[in-house]
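J.:
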Amino acid sequence: MVSLIAKIHRRRAYLTVIAIMTFIVRLIPSRNFTLAGNDAYIHHDIVMRIAREGLGIIGHDIPSLMGLKAYAYPPLFHVMGYGLYLLFRSELVFFFISPLLGTATVLVIYKVARETFEREEVALLSAFLFSMVPSFVARTSVFIPESMGLLLTSGILYMLVKYLKTTPGYPDIDKFELKAFSNLFRGDLRYILGGLALFVIYLFTHRGWVFLLIALLLLAVTFLTPSFRKRPLEFGLIFLLIGAGIIEFITFAARFQSVPVTILGFPKWMGVLQLILGIYGASLLLRSKNPIHRFLIIWATAFMIIGTYSFRFRDPYAAIPLSLMGGYAFSEVKGRLYASKRFKSYSIMKRDVKPFLRTGIFALLVLMPLAQGAAIAYTGVTTPSPQQNAAFRWINDNTPQDAVFLSAIEDSYSLIGNTHRRDVLLWKTVYEGFMGSAPSLKENTMTRDEVSAIFQSSIPSETSYLLERNNISYIYISKSMHMKGIGLQLPVDPHFKTCFVSGDVSVYRYIKNPGIQSNYSSITVNGEDGKVVEFIEKFWNGYSQGTEPSHQGVSTL
1 MVSLIAKIHR RRAYLTVIAI MTFIVRLIPS RNFTLAGNDA YIHHDIVMRI AREGLGIIGH
61 DIPSLMGLKA YAYPPLFHVM GYGLYLLFRS ELVFFFISPL LGTATVLVIY KVARETFERE
121 EVALLSAFLF SMVPSFVART SVFIPESMGL LLTSGILYML VKYLKTTPGY PDIDKFELKA
181 FSNLFRGDLR YILGGLALFV IYLFTHRGWV FLLIALLLLA VTFLTPSFRK RPLEFGLIFL
241 LIGAGIIEFI TFAARFQSVP VTILGFPKWM GVLQLILGIY GASLLLRSKN PIHRFLIIWA
301 TAFMIIGTYS FRFRDPYAAI PLSLMGGYAF SEVKGRLYAS KRFKSYSIMK RDVKPFLRTG
361 IFALLVLMPL AQGAAIAYTG VTTPSPQQNA AFRWINDNTP QDAVFLSAIE DSYSLIGNTH
421 RRDVLLWKTV YEGFMGSAPS LKENTMTRDE VSAIFQSSIP SETSYLLERN NISYIYISKS
481 MHMKGIGLQL PVDPHFKTCF VSGDVSVYRY IKNPGIQSNY SSITVNGEDG KVVEFIEKFW
541 NGYSQGTEPS HQGVSTL
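In terms of UniProt numbering, the sequence shown has 88 at position 88, counting the first letter as 1, and numbering is strictly consecutive.
Listed below in structure tokens is the structure:
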């Protein structure tokens with residue numbers, strides 16, 4: 001009895017340490033109490049707009065509220081943030097919500113692993129590995145809806161595992177063969193109802209529910225694999241239909257970023273140790289007849305393959321099954337490490353250091369994911385520079401609340417979040433879908449093309465037309481953008497009045513009808529410029545031979 005109580009206390013102590021480390025690492029990006037990460041600025045700005053203008057600004061289009069439209073955002077996370085902000089009346093809410101949600105997610109993953117493998121050590125190691133997955137750290141360190149979505153994903157996964165364990169035939173997947181597949185629907189419905197309740201909340205929180213549905217389809221595929229061995233033709237067609245349905249669903253449901261990733265992105269964002277142990281764990285579980293074990297293998301494999309095309313599948317949804325299998329492998333590695341005969345006796349200066357050596361190796365393995373997670377939290381989330389903050393203060397003090405800005409997409413997030421002004425591109429991409437009717441992919445592409453044309457164009461008339469078409473009154477531009485397009489026009493064209501200049505960024509005001517004209521003058525060929533013109537004519541074919549060249553309108557700047 002005493003040993004049992006001690007074991008429970010030890011388990012709680014380990015879990016508490018994991019939870020504390022999880023929370024502290026996620027506070028690193030906000031160490032200066034400034035919002036970190038581009039998306040955090042947008043979601044913070046939306047909450048503050050709700051606080052100023054009320055819940056009525058949220059759109060009423062159901063597909064948009066569920067995130068089914070291409071550029072629409074479910075509002076429940078923002079409503080929760082608004083409620084907590086009203087309750088505490090402190091900006092600290094925006095720094096603590098996501099780390100707390102991330103910590104809660106890790107605790108649920110611990111419960112999932114414990115139910116799946118029924119071993120305390122595996123559950124603790126799985127929870128620890130997942131807590132330090134770099135992409136998971138990045139998404140639960142900043143104020144974004146995905147932090148709440150991941151908690152709901154883990155909660156639904158826990159309900160699913162509990163349900164599967166109540167189905168007739170579990171844990172032998174062969175007992176779900178052919179007609180026995182119906183056993184899958186004979187479990188305890190309480191867990192299904194609990195999962196459905198969480199799923200309804202998920203629908204209005206974050207579009208990550210799409211990834212969860214795809215994982216559920218893969219679960220169905222897992223339970224169909226015994227039948228495939230008996231009737232490969234019929235069930236092969238079913239698998240093809242499921243695959244086609246997944247592709248069609250992805251196309252319909254959301255604007256997944258089809259950005260191919262390099263192989264280096266996998267250890268960077270999934271974790272070096274998590275990736276190694278996860279793959280090793282999959283190899284250990286490959287012969288298991290437990291359907292949940294097979295589901296984890298299929299889930300991780302499918303999402304990692306699709307993740308080479310769209311990183312959203314990899315980060316961090318593929319890391320969930322990978323970390324669970326990694327915890328199982330970590331436990332096996334630990335057991336073999338402490339049972340290895342190589343460390344039976346190892347002396348240094350006639351002193352047996354065997355216990356310290358084993359513990360040191362295990363501690364090194366533990367420190368690897370901890371160090372990588374902390375490093376991503378420190379370096380992987382961007383914050384504005386002092387020069388940018390100075391520009392934001394100037395904008396807040398000197399521009400109208402309804403001013404429309406032009407800026408590059410990488411600058412738009414912090415610009416809107418710190419000034420609460422409007423930006424052409426992000427307003428179309430985010431705010432229209434949240435507050436009204438979401439733009440179509442065609443409309444958004446058109447806006448992107450027009451913004452790109454403004455930044456790239458060297459034709460002043462085209463630039464002015466597009467600026468006026470989008471009702472732009474200010475331009476916010478970083479120093480790297482001054483080398484081309486509109487960046488070359490801003491310092492010299494009287495249509496742009498210099499308002500603020502710092503080492504990193506500049507702010508210009510667009511004037512439709514400037515009071516001054518460009519400094520143009522004519523060159524007199526027979527005057528003091530004659531020899532210069534004659535010299536240029538010898539080397540530059542801009543002048544035609546045998547005709548009098550026109551020199552009107554050549555700038556002396």
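From the three backbone atoms N, C-alpha and C, an ideal C-beta is built for every residue, glycine too.
By Cβ distance below 7 Å, which residues in the same chain neighbour I395 in space, the five residues on each side in sequence not counted?
T.: Once the five neighbours on either side are set aside, the close Cβ partners of I395 are T419, R421 and V507.
J.: Assign G281 to one of two classes, buried (16 or more other C-beta atoms within 10 Å of its C-beta) or exposed (fewer than that).
T.: Flag for G281 reads buried.
J.: Contact defined as beta carbons within less than 8 Å: I believe T447 pairs with Q489. What is the distance between those atoms, to the nearest angstrom?
T.: With 8 Å as the limit, T447 and Q489 do not qualify as a contact, their Cβ atoms being about 21 Å apart.
J.: Exposed or buried, what is Q274 when buried is set at 16 or more other beta-carbons lying within 10 Å of its beta-carbon?
T.: Buried is the call here.
J.: How long is the line joining the alpha carbons of T22 and R336, rounded to whole angstroms?
T.: Cα to Cα, T22 sits roughly 27 Å from R336.
J.: Can you have a look at Y378 and say buried or exposed, based on whether 16 or more other CB atoms are within 10 angstroms of its CB?
T.: With fewer than 16 Cβ atoms within 10 Å of its Cβ, Y378 is classed as exposed.
J.: Put A254 into one of helix, strand or coil per three-state DSSP.
T.: Confidence in A254 is poor, its pLDDT being 45 and thus under 50, which makes the residue's placement unreliable; the coordinate value appears in the next sentence. It is coil, neither helix nor strand.
J.: At what residues does the beta strand (DSSP E) containing V505 begin and finish?
T.: V505 -> beta strand (DSSP E) spans V505 to Y510.
J.: From this set, R358, L415, P369 and D402, which residue's C-alpha is nearest T383's C-alpha?
T.: Comparing Cα positions, the closest option is L415.
J.: Who are the near neighbours of V505 in its chain, counting only those whose CB is closer than 8 Å to its CB and skipping five residues on each side?
T.: Q387, Q388, A391, D411, Y476, I477, S478 and K479.
J.: What residue from F88, F455 and P494 has the CA that sits closest to Q483's CA?
T.: The displayed chain sequence assigns Met, not Gln, to residue 483. Of the listed residues, the one whose Cα sits closest to M483 is F455.
J.: Can the beta-carbon of A127 be found less than 7 Å from the beta-carbon of V161?
T.: In this structure, V161 does not lie closer than 7 Å to A127 by Cβ.
J.: List in chain order: all unbroken alpha helix (DSSP H) runs of 4+ residues lying wholly within the stretch 14 to 91.
T.: The stretch 14 to 91 contains these whole alpha helix (DSSP H) runs: 38 to 53, 62 to 65 and 76 to 88.
J.: Give me the Cα-Cα distance between L35 and L296, rounded to the nearest whole angstrom.
T.: Whole-angstrom Cα-Cα distance: 35 Å.
J.: Check for me: the beta strand (DSSP E) holding residue 558 runs from which residue to which?
T.: No answer is possible for residue 558: the residues shown for the chain start at 1 and end at 557.
J.: Three or more C-beta pairs under 8 Å: does that hold for the stretch 189 to 202 against the stretch 225 to 243?
T.: Output reads no: the stretch 225 to 243 does not touch the stretch 189 to 202.
J.: When the distance is taken between beta carbons, is N183 closer than 7 Å to T167?
T.: The answer is yes: Cβ separation under 7 Å.
J.: Would you give the residue range spanned by the alpha helix (DSSP H) that L264 belongs to?
T.: Note, L264: premise wrong, no alpha helix (DSSP H); not H, not E.
J.: Is DSSP giving K111 helix, strand or coil here?
T.: K111: helix per DSSP, three-state reduction.
J.: My assumption, with CB atoms under 8 Å, is that M66 sits in contact with F204. Please give the rounded CB distance.
T.: Right, the Cβ-Cβ distance comes to about 6 Å (below 8 Å), so this counts as a contact.
J.: How is L105 classed by DSSP in three states: helix, strand or coil?
T.: The question names Leu, yet the displayed sequence has Thr at residue 105. Looking at T105 - three-state DSSP - the assignment turns out to be helix.
J.: Beta-carbon within less than 8 Å of L150's beta-carbon, same chain only, minus the 5 sequence neighbours each way: which residues are those?
T.: Result list for L150: L101, G102, T105, F136, R139, T140, G208 and P316, in chain order.
J.: I want to know whether the stretch 276 to 291 touches the stretch 311 to 329 - three or more CB-CB distances under 8 Å.
T.: Touching, yes, given that three or more Cβ pairs across the two stretches are closer than 8 Å.
J.: Comparing alpha-carbon positions, which option in A70, A371 and S461 lies nearest V442?
T.: Note on identity: in this sequence residue 442 is Lys, with Val being the wrong assignment. Ranking A70, A371 and S461 by Cα distance to K442 puts A70 first.
J.: Counting pairs of Cβ atoms below 8 Å between the stretch 168 to 176 and the stretch 151 to 160, do you hit three or more?
T.: With the cut-off at 8 Å, the stretch 168 to 176 and the stretch 151 to 160 do not touch.
J.: Starting from the Cα of D449, find the closest Cα among I409, G417, D188 and A371 and give me that residue.
T.: Out of I409, G417, D188 and A371, I409 has the C-alpha closest to the C-alpha of D449.
J.: Residue range of the alpha helix (DSSP H) that T153 falls in?
T.: That run of the alpha helix (DSSP H) goes E146 to L164.
J.: Given this structure, state the Cα-to-Cα distance separating I276 from Y338, to the nearest angstrom.
T.: Distance between the alpha carbons of I276 and Y338 is about 20 Å.
J.: With distance defined between alpha-carbon atoms, name the residue in Y431, R509 and P514 nearest to residue 563.
T.: The displayed coordinates of the chain run from 1 to 557. Any statement about residue 563 would go beyond what the structure contains.
J.: Which partner residues does D423 have in the DSSP bridge list?
T.: DSSP, once it has assigned bridges, lists F405 as partnering D423.
J.: Please name the residue, chosen from G433, G485, F434 and E234, that lies closest to V451 on a Cα-to-Cα basis.
T.: The residue with the shortest Cα to Cα distance from V451 is G485.
J.: Using the C-alpha atoms, what's the distance from R314 back to I42?
T.: Answer to the nearest angstrom: the Cα atoms are 24 Å apart.
J.: Does DSSP put T382 in a helix, a strand or coil?
T.: Of the three classes helix, strand and coil, the one that applies to T382 here is coil, per DSSP.
J.: Count the other C-beta atoms from every protein chain shown that fall within 10 angstroms of the C-beta of I5, then say buried if there are 16 or more, exposed otherwise.
T.: The residue is exposed, with fewer than 16 neighbouring Cβ atoms inside 10 Å.
J.: Grouping DSSP H, G and I as helix and E and B as strand, with all else coil, what is residue 576?
T.: Nothing can be reported for residue 576: it is not among the residues displayed for the chain, which extend from 1 to 557.
J.: Would you say P99 and R26 are within 7 Å of each other, going by their C-beta atoms?
T.: In contact: P99 and R26 (Cβ atoms closer than 7 Å).
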